[in-house]
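Reading the sequence shown from the start, the letters are residues 119 to 438 in the working numbering.
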Amino acid sequence: MPIYYDGKKLQSLYYGGKKIASAWYGGKCVYQSVTSPFLSAPVQLWQWKAPSNVYSVAVDSNFNVYAGDYSRYVTKLDSTGSQVWQNKMNQSANSICTDSQLNVYLASPSGITKLDSTGKQIWQWSSGNAFSVAVDSNFNVYAGDEGNASDEGNYVTKLDSTGKQVWQWKGTSMIHSVAVDNQFNVYAGDDNGNVTQLDSTGSQNWQWAATGTVYSICTDSQNNVYAGDIEGGVTKLDSTGSQVWQSFFADYIQSICTDSQFNVYIGDSSDNVIKIDSTGNQVWNWTAPGSIISLAVDSQFNIYAGDNAGYVTKLQTVKQ
Numbered sequence: 119m120p121i122y123y124d125g126k127k128l129q130s131l132y133y134g135g136k137k138i139a140s141a142w143y144g145g146k147c148v149y150q151s152v153t154s155p156f157l158s159a160p161v162q163l164w165q166w167k168a169p170s171n172v173y174s175v176a177v178d179s180n181f182n183v184y185a186g187d188y189s190r191y192v193t194k195l196d197s198t199g200s201q202v203w204q205n206k207m208n209q210s211a212n213s214i215c216t217d218s219q220l221n222v223y224l225a226s227p228s229g230i231t232k233l234d235s236t237g238k239q240i241w242q243w244s245s246g247n248a249f250s251v252a253v254d255s256n257f258n259v260y261a262g263d264e265g266n267a268s269d270e271g272n273y274v275t276k277l278d279s280t281g282k283q284v285w286q287w288k289g290t291s292m293i294h295s296v297a298v299d300n301q302f303n304v305y306a307g308d309d310n311g312n313v314t315q316l317d318s319t320g321s322q323n324w325q326w327a328a329t330g331t332v333y334s335i336c337t338d339s340q341n342n343v344y345a346g347d348i349e350g351g352v353t354k355l356d357s358t359g360s361q362v363w364q365s366f367f368a369d370y371i372q373s374i375c376t377d378s379q380f381n382v383y384i385g386d387s388s389d390n391v392i393k394i395d396s397t398g399n400q401v402w403n404w405t406a407p408g409s410i411i412s413l414a415v416d417s418q419f420n421i422y423a424g425d426n427a428g429y430v431t432k433l434q435t436v437k438q
């Protein structure tokens with residue numbers, strides 16, 4: 119008998135990182151564990167050399183990859199690592215994200231820029247030095263900045279799909295990272311070590327203090343929040359800001375992302391990409407050519423790592 123969730127037939131189920139099959143017997147649903155699809159260590163699929171240090175990476179729903187580097191280039195690669203286009207921008211991209219229509223958003227010292235899938239600029243919003251950008255399912259855009267010489271900044275700003283400012287919230291220190299969940303709550307990680315949740319109107323709901331500067335945050339489909347900090351701490355918070363677990367690593371965490379099975383991937387200052395399971399335990403470690411500045415994960419559990427040696431690497435983490 120098939121299993122349905124929210125009106126849809128489930129093809130497979132996972133629990134604790136393991137795939138489970140289901141069957142009915144004697145009127146009862148029974149489960150049997152089957153082999154986990156995840157590899158015990160990642161396999162490198164390809165590696166692409168950028169013109170300089172890679173500050174940011176992102177991947178879209180068609181498995182195209184985007185990289186922003188120190189030399190101010192933004193490059194689109196296809197799923198095989200072949201270059202599709204490359205644009206030189208006015209400023210280097212500190213952060214990149216994409217939406218469901220394959221548009222690309224860049225955060226740079228001059229503000230936020232929206233490009234279409236061919237690399238053509240659609241609009242630009244000017245601000246202080248924008249460190250991070252995120253986009254929601256309604257194509258609203260969120261920027262975190264440190265301000266500029268005329269304004270001390272530290273803002274989280276919401277823009278609509280046309281680049282018009284909707285609201286702005288002022289933090290107490292430089293905003294290093296922003297993320298948005300499926301309820302349109304916004305999260306900001308700052309230089310003072312705070313993770314702050316804002317509602318869809320920009321009002322603060324709660325604030326949680328990390329062990330040090332929060333360089334990277336992300337969310338999952340259940341609206342849990344993950345924060346990586348300068349003290350090597352990786353923390354999972356639930357949607358109310360309560361700590362679920364916390365793990366510590368040897369070096370500071372520069373990037374963090376999570377997949378649909380709640381595995382967490384971190385990039386640190388010592389060239390490591392580390393996989394953590396849903397309970398906070400380390401699964402594997404992979405060493406890159408340089409310090410990991412940015413990570414992304416796609417729907418097939420492939421990982422993309424951008425490092426300060428100028429490489430973008432694609433890693434396979436599940437069995438083919």
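Think of the CB as a built atom: it goes at the ideal place given N, C-alpha and C, for glycine as much as any other residue.
Cβ-Cβ distances below 7 angstroms link Gly-271 to Gly-246, Asp-263, Glu-264, Gly-265 in the same chain, with the five nearest sequence neighbours on each side left out; the list follows chain order. For Thr-275, DSSP records a beta bridge to Ala-261, Gln-286. Burial state of Asn-180 is exposed, judged by a 10 Å Cβ sphere holding fewer than 16 other Cβ atoms. In the three-state reduction of the DSSP assignment, Tyr-173 falls in the strand class, which pools E and B. Judged by DSSP in its simplified three-state form, Asp-338 adopts coil rather than helix or strand.
With the rule of 3 Cβ pairs closer than 8 angstroms, the stretch 404–413 does not count as touching the stretch 344–357. By DSSP's assignment, Ser-250 forms a beta bridge with Gly-262. With a 10 Å radius around the Cβ and a threshold of 16 neighbouring Cβ atoms, Asn-171 comes out buried. For Gly-199, no beta strand (DSSP E) encloses it, and the DSSP letter there is neither H nor E.
Contact annotation, Ser-365 with Gly-398: C-beta distance approximately 4 angstroms; criterion of less than 8 angstroms satisfied. Counting of Cβ neighbours within 10 angstroms places Trp-363 among the exposed residues, the total staying below 16. By the 16-neighbour rule on beta-carbons within 10 angstroms, Asn-208 is exposed. Within the stretch 331–399, the runs of beta strand (DSSP E) at least 3 residues long that lie entirely inside it are, in chain order, 332–337, 343–347, 351–355, 361–366, 371–376, 382–386, 390–394.
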